[in-house]
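A quick write-up on the structure given underneath.
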Amino acid sequence: ISYIGGEHANYRKWYFAAQLDLDEEIGFQNMQLHGKARQRNVKMAKKRGVSIKEQIRQWNENEQEFINNHPKITLTQEQLEDQTNLKSADYKWKLKMKNLSPEQMIRQLALYLLCWGESNQVRFAPECLCFIFKCALDYDISTSSEEKTVKLPEYTYLNEVVTPLYEFLRAQVYKKDDKGNWKRREKDHKNIIGYDDINQLFWYPEGIERIILNNGDRLVDKSLEERYLHFKDVAWSKVFYKTYRETRSWKHCFTNFNRFWIIHFAPFWFFTTFNSPTLYTKDYVQLLDNQPTPQVKLSVISFGGTITCLVQILATLFEWGFVPREWPGAQHLSRRMIGLLICLAINLGPSIYVLGFFEWDVYSKSAYIVSIIQLIIALLTTLFFAIRPLGGLFRPYLNKDKKHRRYISSQTFTASFPKLAGRSKWFSYGLWVFVFLAKYIESYFFLTLSLRDPIRVLSIMDLSRCQGEYLLGPILCKWQAKITLILMLLSDLGLFFLDTYLWYIICNCVFSIILSFSLGTSILTPWKNVYSRMPKRIYSKILATSEMDVKFKAKILISQVWNAIVISMYREHLLSIEHLQRLLFQQVDSLMGDTRTLKSPTFFVAQDDSTFKSMEFFPSKSEAKRRISFFAQSLATPISEPVPVDCMPTFTVLVPHYSEKILLGLKEIIR
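Just add 16 to the spot in the sequence shown (first one is 1) and you have the working numbering.
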């Protein structure tokens with residue numbers, strides 16, 4: 017169940033994300049895909065004399081008939097029209113799993129583990145492995161019912177399925193020299209098609225549709241049971257492509273951290289321009305301290321909304337260069353760009369009207385009203401762009417295409433975040449609200465407000481009478497006040513960024529303490545209790561005693577766990593033999609002399625008894641002390657219920673990223 021049919025099985029998630037359920041019912045060649053895949057499907061349908069729309073219409077009728085025949089499936093009209101709703105498909109899947117006999121389940125599980133075990137580097141692309149298993153399963157089902165099963169030659173799977181994929185991966189990184197030795201290619205990371213690119217091809221039906229054979233035929237045009245036999249003929253070099261261009265560029269700062277810049281640049285502009293009226297006051301006189309007109313002041317402050325729009329526009333422009341448009345998961349950036357340009361015009365237009373068509377020292381009621389509206393729009397724009405992610409600015413792209421299951425793959429594999437609920441949700445809201453509330457209050461009063469007088473003095477300071485120095489003359493000293501002002505503003509901006517991290521640390525610490533108290537686990541618990549209660553916590557939080565057939569004394573079970581931990585550190589040369597003897601549970605003769613009892617180490621009570629202060633259980637500031645301390649603290653926190661060893665995962669897969677070089681050689685630096 018955990019491998020194939022369960023609720024959280026990766027194969028099941030991939031099966032619906034890549035729309036394999038539709039492939040089994042109407043076929044990839046009859047699906048309404050997107051981009052060039054759609055054009056190829058239409059072209060092939062004309063050759064076969066089939067109408068894709070008619071196939072979809074018949075499938076919808078069969079789907080409606082299935083829903084009507086199964087009263088347990090209750091769908092509203094909106095859910096029926098929503099193609100991303102998989103309630104009926106999930107019900108079909110559960111029926112399919114329910115109808116499997118134990119022999120069929122074991123056969124499928126064995127086939128999956130065989131595919132995984134012999135897949136070599138392909139196991140680093142789990143969705144690619146899911147597609148291989150699906151094709152192998154269809155072939156196995158079609159041949160298992162025959163009287164004489166066709167026996168394929170030994171190593172067929174390795175030679176015809178795994179090896180071509182492995183050779184493609186190897187060719188991306190290595191090449192043979194004249195002597196026949198494999199040599200690493202001088203290829204940048206951004207030009208190497210790696211595991212992620214191969215894996216993401218199988219996320220979407222448009223990617224699977226790209227798989228072509230050496231003769232030009234598409235693999236999806238073959239019947240389900242024949243696809244496995246055609247793996248040896250697949251031209252993988254024509255199939256795979258870069259799904260993301262990993263360029264080393266500062267442009268990533270805008271695309272990936274756009275909201276980071278917005279929540280700092282825009283408020284800094286609002287605060288600083290509000291406290292520096294002398295910079296935009298016409299004919300400012302220090303003795304008179306004349307102020308700018310209200311419409312000019314509000315319009316200049318409102319320019320923060322324009323800065324916000326510019327950040328979003330730059331982020332979108334750079335995203336065009338990172339994500340290839342042919343990848344099915346790519347977003348429609350043209351629509352987003354049009355929306356951002358409209359927002360830019362709405363935020364910038366009033367400033368052109370107020371500052372360009374009216375005198376800066378003459379009050380205008382109409383311009384004042386426009387500037388008030390502009391400020392409100394700027395604040396709302398900044399707040400909206402600071403909250404909304406770049407991919408869902410005007411409409412969440414994961415949910416917008418209700419008539420097609422286009423973005424289910426992105427929702428399944430990259431946007432599948434657990435939703436917080438109850439106390440966790442409110443603690444998260446409270447943490448970030450207090451972080452930014454405290455940050456903006458402190459930054460305003462102690463950073464920008466304190467610059468009000470220096471800005472006023474430096475902005476009007478006249479140094480035209482300075483003599484300068486020998487080399488540059490008076491050029492530099494005339495601009496000394498302006499240069500000083502710019503440096504002060506840049507320093508203030510740097511501190512404005514650092515304040516956020518400062519307040520995050522403070523608020524995170526406070527909220528952690530509050531959360532610990534609310535969970536009943538105080539971080540202020542004395543250290544002596546952490547160690548003295550460790551045996552009881554080992555028994556209650558690590559050992560699944562409720563599932564044991566034979567009951568043992570708690571002390572015996574605790575000693576086995578504790579001794580295993582201590583002995584392992586001794587074997588790693590973290591403890592000496594003297595320290596080991598003081599930390600072990602040991603069997604000693606009882607007072608009667610006829611039996612042996614288990615003696616606990618004095619380590620557990622030593623922390624609570626001053627008479628043991630002189631006894632050393634492990635070297636000071638050692639790795640062993642750090643590990644024991646971390647283990648004790650971990651047991652003092654809430655953890656899930658212990659489960660028997662039989663219920664634990666037998667193995668797992670750690671998926672590494674590319675072999676990206678961090679230290680570059682001289683030749684690579686020059687290149």
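In this text, a Cβ means the ideal position worked out from N, Cα and C, and glycines have one as well.
(request) Take the Cβ of GLY489 as the centre, count every other Cβ of all protein chains shown within 10 Å, and call the residue buried at 16 or more, exposed below. (result) exposed
(message) With distance defined between alpha-carbon atoms, name the residue in TYR379, VAL386, SER350 and ASP377 nearest to ILE362.
(response) VAL386
(message) So, with DSSP's three-state summary, where would you put TYR445?
(response) helix
(request) Express the C-alpha separation of ILE224 and ASN115 in angstroms, rounding to a whole number. (result) 28 Å
(request) Quickly, what does DSSP pair GLN597 with across the bridge? List them, please. (result) None, per the DSSP bridge assignment.
(message) Applying the 10 Å Cβ sphere with the 16-neighbour rule, what's the burial state of GLU222?
(response) buried
(message) Extract the residue ranges of the alpha helix (DSSP H) inside the stretch 218-293, only unbroken runs of 4 or more that lie entirely within it.
(response) 221-225, 267-272 and 274-290
(request) Kindly indicate the opening and closing residues of the alpha helix (DSSP H) around LEU36. (result) 36-41
(message) Between TYR379, GLY408 and MET477, which has its C-alpha nearest GLN311's C-alpha?
(response) TYR379
(request) State the start and end residues of the unbroken beta strand (DSSP E) segment that holds GLN602. (result) 602-605
(request) Can you tell me which of the three DSSP states TRP495 falls into? (result) coil
(request) Please state if the CB of ALA282 and the CB of THR324 are separated by a distance shorter than 8 Å. (result) yes
(message) Is the separation between the beta-carbon of PHE184 and that of PHE256 shorter than 8 Å?
(response) yes
(request) Let me know if GLY510 comes out buried or exposed under the rule of 16 or more other beta-carbons within 10 Å of its beta-carbon. (result) exposed
(message) Using 8 Å for Cβ pairs, my map puts GLN45 next to ASP237. What's the rounded Cβ distance?
(response) 6 Å
(request) Have a look at SER480, THR464, VAL621 and ARG439 and flag the residue whose alpha-carbon is nearest the alpha-carbon of PHE533. (result) ARG439
(request) Run the CB neighbour count on HIS595, radius 10 Å, all protein chains shown included, and call it buried at 16 or more, exposed below. (result) buried
(request) Please work out which residues of its chain come closer than 7 Å, Cβ to Cβ, to ASP156, disregarding the five sequence neighbours upstream and downstream, and give them in chain order. (result) LEU127
(request) Report buried or exposed for GLU676, applying the criterion of at least 16 other Cβ atoms within 10 angstroms of its Cβ. (result) Below a pLDDT of 50, predicted positions are generally treated as unreliable, and GLU676, at 48, falls in that range; no measurement from the model is reported.
(request) Return the CA-CA distance between ILE388 and LEU295, expressed in angstroms with no decimal places. (result) 20 Å
(request) Using the DSSP secondary-structure output, state which residues sit across from TYR190 in a beta bridge. (result) ARG200
(message) Given this structure, state the Cα-to-Cα distance separating LYS615 from VAL577, to the nearest angstrom.
(response) 15 Å
(request) Write down every uninterrupted run of the alpha helix (DSSP H) in the stretch 331-415 whose length is 4 residues or greater and which is fully enclosed by it, in chain order. (result) 349-373 and 381-403
(request) Can you tell me which of the three DSSP states LEU614 falls into? (result) strand
(message) Using only CA atoms, which one of ASN230, SER239 and ASP305 lies nearest to ARG468?
(response) ASP305
(request) Check whether the Cβ atoms of TYR220 and ALA34 sit closer than 8 Å, and answer yes or no. (result) yes
(request) With DSSP as the reference, label GLY438 as helix, strand or coil. (result) coil
(message) Going by beta-carbon coordinates alone, are PHE287 and THR464 separated by less than 8 Å?
(response) yes
(request) Hey, could you find the ends of the alpha helix (DSSP H) ALA61 is sitting in? (result) 52-64
(request) Please look up how many angstroms separate the CB atoms of ALA141 and TYR211, rounded, as I've assumed it's under 8 Å. (result) 5 Å
(request) Grab me the residues of VAL604's own chain with a C-beta within less than 7 Å of its C-beta, minus the 5 sequence neighbours each way, in chain order. (result) ARG612, THR613 and LYS615
(request) Give the DSSP-derived three-state secondary structure of GLY320 in the structure shown. (result) helix
(request) List the whole-angstrom C-beta distance separating ILE476 from TYR300, where the pair is believed to meet the contact cut-off of C-beta under 8 Å. (result) 6 Å
(message) Please report the distance separating the alpha-carbon of ASN291 from that of PHE461.
(response) 11 Å
(message) Taking 8 Å as the limit between beta carbons, can you name the residues of its chain near GLY355, skipping five residues before and five after?
(response) LEU409 and PHE410
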